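According to the numbering used here, the residues represented by the sequence shown are 79 to 327, in order.
Where a beta carbon is used, it is the ideal one built from N, C-alpha and C, also for glycine.
This one's a predicted model, so the numbers in the text were calculated from it and none came from an experiment.
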Amino acid sequence: MSAPVGENPPVSDTTRAEDLAAGLAAVEHRIAAACERVGRPREDVTLVAVTKFFPAADAATLLRLGVTDIGESRDQEASAKIAELTASGGQSRHHPRVHFIGQVQSNKAGSVARYADVVESIDRAKLVGALERGAQACDRDLDVLIQVSLDGDTGRGGVAVDGVGALAERIAATQRLRLRGVMAVAPLGADPDDAFARLREVSRELRRDHPEATWISAGMTADLEQAIARGATHVRVGSAILGARPPAR
Ligand SMILES: *Cc1c(COP(=O)(O)O)cnc(C)c1O
Numbered sequence: 079m080s081a082p083v084g085e086n087p088p089v090s091d092t093t094r095a096e097d098l099a100a101g102l103a104a105v106e107h108r109i110a111a112a113c114e115r116v117g118r119p120r121e122d123v124t125l126v127a128v129t130k131f132f133p134a135a136d137a138a139t140l141l142r143l144g145v146t147d148i149g150e151s152r153d154q155e156a157s158a159k160i161a162e163l164t165a166s167g168g169q170s171r172h173h174p175r176v177h178f179i180g181q182v183q184s185n186k187a188g189s190v191a192r193y194a195d196v197v198e199s200i201d202r203a204k205l206v207g208a209l210e211r212g213a214q215a216c217d218r219d220l221d222v223l224i225q226v227s228l229d230g231d232t233g234r235g236g237v238a239v240d241g242v243g244a245l246a247e248r249i250a251a252t253q254r255l256r257l258r259g260v261m262a263v264a265p266l267g268a269d270p271d272d273a274f275a276r277l278r279e280v281s282r283e284l285r286r287d288h289p290e291a292t293w294i295s296a297g298m299t300a301d302l303e304q305a306i307a308r309g310a311t312h313v314r315v316g317s318a319i320l321g322a323r324p325p326a327r
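Below, the structure written as structure tokens:
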């Protein structure tokens with residue numbers, strides 16, 4: 079028996095897998111409804127399930143439930159989790175596409191390049207060089223997004239809007255990094271609708287010189303509907319699927 083969506087059943091009533099299935103179904107419903115409201119096909123939007131702070135077993139369950147893309151934000155945790163996921167025997171057909179969505183320290187770029195398929199959080203030239211070297215060292219191509227700081231407060235990651243063009247040129251000049259688009263987090267306290275409208279403008283501008291950079295990663299648990307209405311191609315959703323995260327360690 080599944081509990082009604084939106085309620086928190088006592089832990090003893092459902093297994094973890096049932097909880098994850100219910101959370102995923104609720105998010106799928108939200109995405110489908112948001113697409114329908116603005117006349118976009120559901121296939122336009124990729125769900126990235128953000129598994130940070132949760133164990134590899136949860137990620138494996140989500141992959142069995144049909145999730146294709148997972149998001150992680152800390153190198154040490156992510157590299158261990160991906161190693162565990164890919165080591166779990168005959169599960170290789172459930173190999174996820176791994177999105178790195180957190181701030182990347184330059185000295186971790188070589189590690190991230192080994193397991194990430196998409197790095198969503200490129201926000202400075204130094205990181206472009208470090209990721210390119212990492213990707214070359216392990217003979218891989220990486221899809222990358224430029225993380226945009228929509229309020230200019232770059233302390234939380236992201237390049238200011240007026241720095242996007244130069245960073246895009248740096249990425250385009252590499253061998254192993256493929257510029258796929260932009261990513262942003264709605265600024266704290268701001269209207270997400272305005273923020274995502276701004277991001278869509280940044281994307282439009284970027285595509286004049288880089289027509290292949292079509293991805294817009296925007297929207298999380300709190301604001302995925304607004305993001306989809308403003309053209310998001312990827313939503314990054316954690317707590318609505320997996321539950322509240324344990325406090326940061
Ligand atoms: C943690 C995180 C998410 C997921 O947030 P939820 O509110 O749990 O959906 C999305 N994007 C980034 C960059 C994150 O760090």
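When secondary structure is reduced to three states using DSSP, residue 290 falls in the coil class, being assigned neither helix nor strand.
Counting only residues of its own chain and dropping the five nearest sequence neighbours on each side, residue 262 has a CB closer than 6 Å to the CB of 226, 228, 277 and 296.
Closer than 6 Å to some heavy atom of ligand 1: that describes the Cβ of residue 179. For the set 96, 94 and 105, the Cα lying nearest the Cα of residue 316 is the one of 105. With 16 or more neighbouring CB atoms inside 10 Å of its own CB, residue 312 falls in the buried class.
Residue state for residue 217 is assigned as coil, using DSSP reduced to three classes. When secondary structure is reduced to three states using DSSP, residue 238 falls in the strand class.
Contact between residue 148 and residue 119 is ruled out by a C-beta separation of about 23 Å, above the 8 Å threshold.
Approximately 14 Å separates the beta-carbon atoms of residue 188 and residue 156; this is outside 8 Å, ruling out the contact. Under the criterion of beta carbons closer than 8 Å, residue 239 and residue 280 qualify as touching, at roughly 6 Å. Less than 7 Å divides the Cβ of residue 179 from the Cβ of residue 198. Counting along the chain, the unbroken beta strand (DSSP E) around residue 257 starts and ends at 255-261. Residue 308 has its Cβ no nearer than 6 Å to any heavy atom of ligand 1.
Residue 124 and residue 159 have their alpha carbons spaced roughly 22 Å apart.
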